[in-house]
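Peer 1: Those protein sequences? They're chains A and B, same order as listed. Residues in the first sequence are numbered consecutively from 201, following the working numbering. Residues in the second sequence are numbered consecutively from 5, following the working numbering. Handing you this structure, nothing more for now.
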Amino acid sequence: MYDAGKIIVGIVVFVVLATSPLWFNALTEATPEAPKLTLPTNGSTECVEATGYMRASHMDLLNQWREQVVRTGQRDYVSSSSGKVFDMSLSRTCMDCHSNKADFCDACHTYMAVSPYCWDCHVEPKGAN
Amino acid sequence: MDGNRRDFLKLAGLTALGATGASSINATTAAASTVESQAEASTGGVRLGMVIDLRKFSKNDALIERCIEACHAAHNVPDFGDDAKNEVKWIWSEDFETAFHSQEFHYIREDLKGKPTLLLCNHCNNPPCTRVCPTQATWKREADGIVMMDWHRCIGCRYCVVACPYGSRSFNWKDPRPAIDEITPDYPTRMRGVVEKCTFCEERISRGLEPACVEACSNDEIVFGNLNDPDSKVRQLLAERMAIRRKSGLGTQPEVYYIIDDPRTLQETAPAAVVEVAEGGDHA
Chain A
201 MYDAGKIIVG IVVFVVLATS PLWFNALTEA TPEAPKLTLP TNGSTECVEA TGYMRASHMD
261 LLNQWREQVV RTGQRDYVSS SSGKVFDMSL SRTCMDCHSN KADFCDACHT YMAVSPYCWD
321 CHVEPKGAN
Chain B
5 MDGNRRDFLK LAGLTALGAT GASSINATTA AASTVESQAE ASTGGVRLGM VIDLRKFSKN
65 DALIERCIEA CHAAHNVPDF GDDAKNEVKW IWSEDFETAF HSQEFHYIRE DLKGKPTLLL
125 CNHCNNPPCT RVCPTQATWK READGIVMMD WHRCIGCRYC VVACPYGSRS FNWKDPRPAI
185 DEITPDYPTR MRGVVEKCTF CEERISRGLE PACVEACSND EIVFGNLNDP DSKVRQLLAE
245 RMAIRRKSGL GTQPEVYYII DDPRTLQETA PAAVVEVAEG GDHA
């Protein structure tokens, strides 16, 4: 093998550089802060579904609502957890409680680096920024 | 052995006969039920339509502007001013001869000449726009005949704009939000690259309200209702008055009717000028 020393050194340097973010994080313990959500301030304590389900699958629920309202014209949603009936509306029902998009929606979405396009058309409540 | 074969053939023949007989019976019942369901569709069910009483709109009435304003404010329709290329409209006004140009009125009645006429999506019973949509972003609702739009699905190909013979569809060439004076938060805006049009105020109807343009009127200038119900106000008007539709010769079956009787006959037929105003959760 020609230039074995240079090649091996090169490989070692490459591996160290490529994994440097991992080393850096391991050494500096830079764990990002978990997002803090502002809970509803209007006194309501339960969501349309259980918190765990909403946390994991609210996007599926919203897609389902969208299909129901726009394509079949049905607007009533019966909660499977509480049995209560809700109006399937992002701006009327969801944003009625979670009235601050920046402190609720955006908090997680920014953390997760997702950018849903809901707000390209739907209007966030006034008072929020 | 011979006997066995004969028995087998008899059995096979009978089976074949039975099978064909059964399937033909099925076919007959299927055909009958199709005819039945078609008859049902034409007599029962809801077919929403609108009657615009031109006799009650005078030439200089601000009512037309009020109707347009009410609709466009409720639905966040952008106003690009004189920029005709970017114009977005759900409901608008043309003079009578332009609105009904295919009728060729040569010696037109004086009161109809140049009369501002309110135009909107006709919610055709046989809509050409829905047939060309590649994503089914627009379709005719089976439940009430509204030609609906799903702006989530629209990819902005504009086939429907070309297909509509009434100019009822507008395309958002620009981001509409800066051109909206005051955004109504309960209703979405559209985004750039999406087609939009009147939805017969589907969102208001589902909450028990009348369409915004109907609500802006005070004297039944526009009447909205179920065309399949012979007792409905729209059908009663159509049974009594002379009404025309735009470009009915195209076979699109538009469901917006225009009463063009002589206004001099109005006095004797006008009902007491009181209109029920729908109550309920108005858009805040």
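Glycine included, C-beta positions come from ideal geometry on N, C-alpha and C. Remember, predicted model here, so these are calculated numbers, not experimental data.
Which runs of the alpha helix (DSSP H) spanning at least 4 residues fall entirely within the region 247-307 of chain A, listed in chain order?
Peer 2: 251-266
Peer 1: Which residue or residues does DSSP assign as beta-bridge partners of residue 121 (chain B)?
Peer 2: The residue labelled residue 121 (chain B) in the question sits at position 117 within the second sequence. Per DSSP, B:98.
Peer 1: If you pair each beta-carbon of the region 51-66 of chain B with each one of the region 223-241 of chain B, do three or more pairs fall below 8 Å?
Peer 2: yes
Peer 1: List the residues of chain B that residue 320 (chain A) touches, going by C-beta distances under 8 Å, in chain order.
Peer 2: Counted from its first residue, the first sequence places residue 320 (chain A) at position 120. Correct list: 195.
Peer 1: List, in chain order, every chain A residue whose beta-carbon is nearer than 7 Å to that of residue 210 (chain B).
Peer 2: Counting from 1 along the second sequence, the entry for residue 210 (chain B) is found at position 206. Those are 273, 275, listed as they occur along chain A.
Peer 1: According to DSSP, is residue 225 (chain A) helix, strand or coil?
Peer 2: For the purposes of this step, residue 225 (chain A) is identified with residue 25 of the first sequence, where counting begins at 1. Here residue 225 (chain A) sits in helix by DSSP.
Peer 1: Pull up the distance between the alpha-carbon of residue 214 (chain B) and that of residue 77 (chain B), whole angstroms please.
Peer 2: On the second sequence, residue 214 (chain B) is found 210 positions in, with the first residue counted as 1. On the second sequence, residue 77 (chain B) is found 73 positions in, with the first residue counted as 1. If you take the alpha carbons of residue 214 (chain B) and residue 77 (chain B), they lie about 15 Å apart.
Peer 1: Can you round the beta-carbon distance between residue 51 (chain B) and residue 259 (chain B) to whole angstroms, since I take them to be within the 8 Å contact cut?
Peer 2: The sequence position of residue 51 (chain B) within the second sequence is 47, counting from 1. The sequence position of residue 259 (chain B) within the second sequence is 255, counting from 1. Residue 51 (chain B) to residue 259 (chain B), Cβ: 7 Å. Contact.
Peer 1: Run the CB neighbour count on residue 9 (chain B), radius 10 Å, all protein chains shown included, and call it buried at 16 or more, exposed below.
Peer 2: Along the second sequence, one-based indexing puts residue 9 (chain B) at 5. Residue 9 (chain B) should be labelled exposed.
Peer 1: So residue 235 (chain A) and residue 307 (chain A) are in contact, right, with Cβ under 8 Å, and what is the actual spacing, rounded?
Peer 2: As a working mapping, residue 235 (chain A) is identified with position 35 in the first sequence. As a working mapping, residue 307 (chain A) is identified with position 107 in the first sequence. Confirmed, Cβ separation roughly 4 Å.
Peer 1: Would the beta-carbon of residue 154 (chain B) fall within 7 Å of that of residue 167 (chain B)?
Peer 2: Position 150 of the second sequence, counted from the start, is the residue given in the question as residue 154 (chain B). Position 163 of the second sequence, counted from the start, is the residue given in the question as residue 167 (chain B). Against a cut-off of 7 Å, the Cβ pair of residue 167 (chain B) and residue 154 (chain B) comes out as no contact.
Peer 1: Throw me the rounded Cβ distance for the residue 97 (chain B) and residue 251 (chain B) pair, which I believe falls under 8 Å.
Peer 2: Taking the first residue of the second sequence as 1, we reach residue 97 (chain B) at position 93. Taking the first residue of the second sequence as 1, we reach residue 251 (chain B) at position 247. Rounded, the Cβ-Cβ distance is 17 Å, inconsistent with contact.
Peer 1: If you run the structure through DSSP and keep just helix, strand and coil, what is residue 151 (chain B)?
Peer 2: Taking the first residue of the second sequence as 1, we reach residue 151 (chain B) at position 147. Three-state DSSP puts residue 151 (chain B) in a strand.
Peer 1: Closest to residue 271 (chain A) by CA distance: which of B:152, B:68, B:204 is it?
Peer 2: The sequence position of residue 271 (chain A) within the first sequence is 71, counting from 1. Out of B:152, B:68, B:204, B:152 has the C-alpha closest to the C-alpha of residue 271 (chain A).
Peer 1: Report, in whole angstroms, the separation of the C-beta atoms of residue 232 (chain A) and residue 297 (chain A), which I expect to be a contact under 8 Å.
Peer 2: Within the first sequence, the letter at position 32 stands for residue 232 (chain A). Within the first sequence, the letter at position 97 stands for residue 297 (chain A). With a Cβ gap of about 27 Å, residue 232 (chain A) and residue 297 (chain A) do not count as contacting.
Peer 1: Can you tell which of B:195, B:197, B:216 has the C-alpha that lies nearest to the C-alpha of residue 205 (chain B)?
Peer 2: Indexing the second sequence from 1 puts residue 205 (chain B) at position 201. The residue with the shortest Cα to Cα distance from residue 205 (chain B) is B:216.
Peer 1: Can you tell me whether residue 237 (chain A) is buried or exposed, with buried defined as 16 or more other CB within 10 angstroms of its CB?
Peer 2: Residue 237 (chain A) sits at position 37 when you count from the first residue of the first sequence. Looking at its Cβ environment, which holds fewer than 16 other Cβ atoms inside 10 Å, residue 237 (chain A) is exposed.
Peer 1: Within 7 Å of any Cβ in chain C, is that where the Cβ of residue 291 (chain A) sits?
Peer 2: Judged by its chain identifiers, the structure shown contains no chain C, and its protein chains are A and B.
Peer 1: Look at the alpha carbon of residue 316 (chain A) and the alpha carbon of residue 170 (chain B), and state the distance between them as a whole number of angstroms.
Peer 2: Along the first sequence, read from residue 1 onward, the residue named residue 316 (chain A) stands at position 116. Along the second sequence, read from residue 1 onward, the residue named residue 170 (chain B) stands at position 166. So the alpha carbons of these two residues sit roughly 35 Å apart.
Peer 1: How far does the alpha helix (DSSP H) with residue 320 (chain A) in it reach, from first residue to last?
Peer 2: Indexing the first sequence from 1 puts residue 320 (chain A) at position 120. That run of the alpha helix (DSSP H) goes 318-321.
Peer 1: Take residue 276 (chain A) and list the residues in its own chain whose beta-carbon comes closer than 6 Å to its own, dropping the five residues that flank it on each side.
Peer 2: Here residue 276 (chain A) refers to the residue found at position 76 when the first sequence is read from its first residue. Once the five neighbours on either side are set aside, the close Cβ partners of residue 276 (chain A) are 285.
Peer 1: So the candidates are B:174, B:129, B:101; which of them puts its Cα closest to the Cα of residue 147 (chain B)?
Peer 2: As a working note, residue 147 (chain B) is residue 143 in the second sequence. Of B:174, B:129, B:101, the residue nearest in Cα terms is B:129.
Peer 1: Could you name the residues of the region 249-272 of chain B whose beta carbon sits closer than 7 Å to any beta carbon of chain A, in the order they occur along the chain?
Peer 2: So nothing in the stretch comes that close.
Peer 1: With DSSP as the reference, label residue 199 (chain B) as helix, strand or coil.
Peer 2: To locate residue 199 (chain B), count along the second sequence from 1; it is residue 195. Note: residue 199 (chain B) maps to strand in three-state DSSP.
Peer 1: Applying a beta-carbon distance threshold of less than 7 Å, which residues of chain A neighbour residue 147 (chain B)?
Peer 2: Start at 1 with the first residue of the second sequence, and residue 147 (chain B) comes out as number 143. In chain order: 273.
Peer 1: For residue 187 (chain B), which residues in chain A fall below 7 Å Cβ to Cβ?
Peer 2: Taking the first residue of the second sequence as position 1, residue 187 (chain B) is located at position 183. Near residue 187 (chain B) (Cβ distances below 7 Å), the residues of chain A are 323.
Peer 1: Which of the three DSSP states, helix, strand or coil, is assigned to residue 230 (chain B)?
Peer 2: For the purposes of this step, residue 230 (chain B) is taken as residue 226 along the second sequence, with counting starting at 1. In this structure, residue 230 (chain B) counts as strand in the three-state DSSP scheme.
Peer 1: Starting from residue 142 (chain B), follow the beta strand (DSSP E) in both directions and report where the run begins and ends.
Peer 2: Numbered from its first residue, the second sequence carries residue 142 (chain B) at position 138. From DSSP, the beta strand (DSSP E) with residue 142 (chain B) extends over 142-144.
Peer 1: When Cβ atoms are compared, which residues of the region 144-168 of chain B fall closer than 7 Å to chain A?
Peer 2: 145, 147, 154, 155, 156
Peer 1: Which value, in whole angstroms, describes the spacing of the CA atoms of residue 256 (chain A) and residue 311 (chain A)?
Peer 2: The residue you call residue 256 (chain A) lines up with position 56 of the first sequence. The residue you call residue 311 (chain A) lines up with position 111 of the first sequence. When rounded, the distance between both Cα atoms is 15 Å.
Peer 1: With 16 other CB atoms within 10 Å as the buried threshold, where does residue 89 (chain B) fall?
Peer 2: Residue 89 (chain B) sits at position 85 when you count from the first residue of the second sequence. Burial call: exposed.
Peer 1: Looking at residue 194 (chain B) and residue 176 (chain B), is the spacing between their C-beta atoms short of 7 Å?
Peer 2: Here the question's residue 176 (chain B) lines up with position 172 in the second sequence. Here the question's residue 194 (chain B) lines up with position 190 in the second sequence. By the CB criterion at 7 Å, residue 176 (chain B) and residue 194 (chain B) fall inside the cutoff.
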